[in-house]
Amino acid sequence: MKPWTKLLAFLLLALAATCALAAGGKDPADLEGTEEHPEVVRFPNFYIDNSKRNDYNEVAFPVKAGQENKGGKYWFVDYIIKEGNRHPSIVELKKNYENAFRKNGGSLVYHGPDGDEATYRQPLSGGGERWMLMHIDNEGERYQLTIIDTAAMEQKVEFSADQMAEAIKKDGFIALNGILFDTGKATIKPESQALVGEVVALLKKDASLKLSVVGHTDNVGDKKGNLELSKQRAASVVRALVAGGIDARRLKADGKGDTEPVGDNRKEDGRARNRRVELVKFQ
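Take a look at the structure:
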């Protein structure tokens, strides 16, 4: 093959990859119920084997200095090369995504020591950033994208004061997953204030009600640390309720760490259920 023919073939391949990264759309080979990010799509001849999407999640992205924790809209997409197709090299995969990010003002911010992992970042036109972690398996036969489009979580109030009152009257307690904290800390996130306000309203509507605030964690980390963190988080909630005008004598703070799971700690949705605050009635 003549040099100019090789160059033309390379340019056509690069153009096809770039078009694929821009085009998106479903593929008949994709597993049912899967989807990809609407703006960050696949390399040619790959199908989606698995995917997840959340309105809000948090991911620790590898960077040169360690990790960057980012929260926002979340996608995870697992791609596999279709049978009979040439799989790209690791370098080819990473370069195509790097070029796509650079085209939108972004960059490669981390390159894993083994070459099979990379973190990318780009600004979003409406504000915020897009962060993406790419992991490549089997020399390019399979790769996964984990993407966060950063934004504050739109708080959807889990329960109203009246709904909490009904649950406590019936069961003697209620579990809240909507009071969120900074990762590994007892600081209540600003987006949780709406739900905290509903707890204040609950206590103001029923002056005789006394509540024990009990913190629970997932099993990530050591048990001693989780127990202490759960107690600190419960205490933070009590302080927020007192700041809202509730008499401290009507409140107690306690923590159970990871000792009373209600979900499967092997799965993210189970761990999310276990990270909760329970309001327990006492006399």
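Quick note, the sequence shown lines up with residues -22 to -1, 1 to 261 if you use mature numbering (1 follows the signal peptide of the UniProt record, and there is no 0).
Idealized CB from N, CA, C, for every residue including glycine.
Source: prediction; values computed, not measured.
Where does residue i sit, in a helix, a strand or coil, going by DSSP?
i, result
"V135", "coil"
"S190", "strand"
"D232", "strand"
"A179", "helix"
"N155", "coil"
"P40", "strand"
"N252", "helix"
"R31", "strand"
"K148", "helix"
"D127", "strand"
"V258", "strand"
Do you know how far the Cα of residue j is from the Cα of residue i?
i, j, result
"L207", "R228", "22 Å"
"D115", "D33", "27 Å"
"residue 295", "T165", "Only positions -22 to 261 of the chain appear in the structure, and residue 295 is not among them; the question remains open."
"E70", "F137", "49 Å"
"T124", "W53", "6 Å"
"P6", "G118", "21 Å"
"L187", "D127", "41 Å"
"R244", "V198", "10 Å"
"K42", "G162", "22 Å"
"D94", "P66", "13 Å"
"residue 273", "E36", "The requested residue 273 does not occur in the structure, where the chain is confined to residues -22 to 261."
"D92", "D196", "31 Å"
"I58", "I26", "7 Å"
"E246", "E107", "23 Å"
"F260", "L189", "6 Å"
"H194", "E46", "25 Å"
"G50", "L102", "13 Å"
"V255", "A129", "24 Å"
"R64", "G44", "35 Å"
"L173", "K30", "27 Å"
Considering residue i, what are the terminal residues of the alpha helix (DSSP H) in which it resides?
i, result
"K48", "No alpha helix (DSSP H) holds K48; the beta strand (DSSP E) holding it covers G44 to I59."
"A213", "K201 to A221"
Considering residue i, what are the terminal residues of the beta strand (DSSP E) in which it resides?
i, result
"V18", "Segment: none, V18 is in no beta strand (DSSP E) and carries neither H nor E."
At a cut-off of 6 Å, is residue i close to the ligand PLP when judged by its beta-carbon and the heavy atoms of the ligand?
i, result
"E206", "Judged by which ligands are present, the structure shown has none, so any question about the ligand PLP falls away."
### Message
Check whether the region 246 to 261 and the region 139 to 155 are in contact - that is, three or more C-beta pairs closer than 8 Å.
### Response
yes
### Task
Spell out a yes or no on whether the region 78 to 89 and the region 144 to 153 are touching, meaning 3 or more CB-CB pairs, one atom from each, closer than 8 Å.
no
### Query
Would you call the region 192 to 210 and the region 223 to 240 in contact, with 3 or more CB pairs under 8 Å?
yes
### Query
How about the region 177 to 195 and the region 218 to 228: do they share at least three Cβ pairs that are nearer than 8 Å?
yes
### Task
Please specify which runs of the beta strand (DSSP E), each continuous and at least 3 residues long, are wholly inside the region 47 to 123, giving them in chain order.
85 to 89, 95 to 101 and 107 to 115
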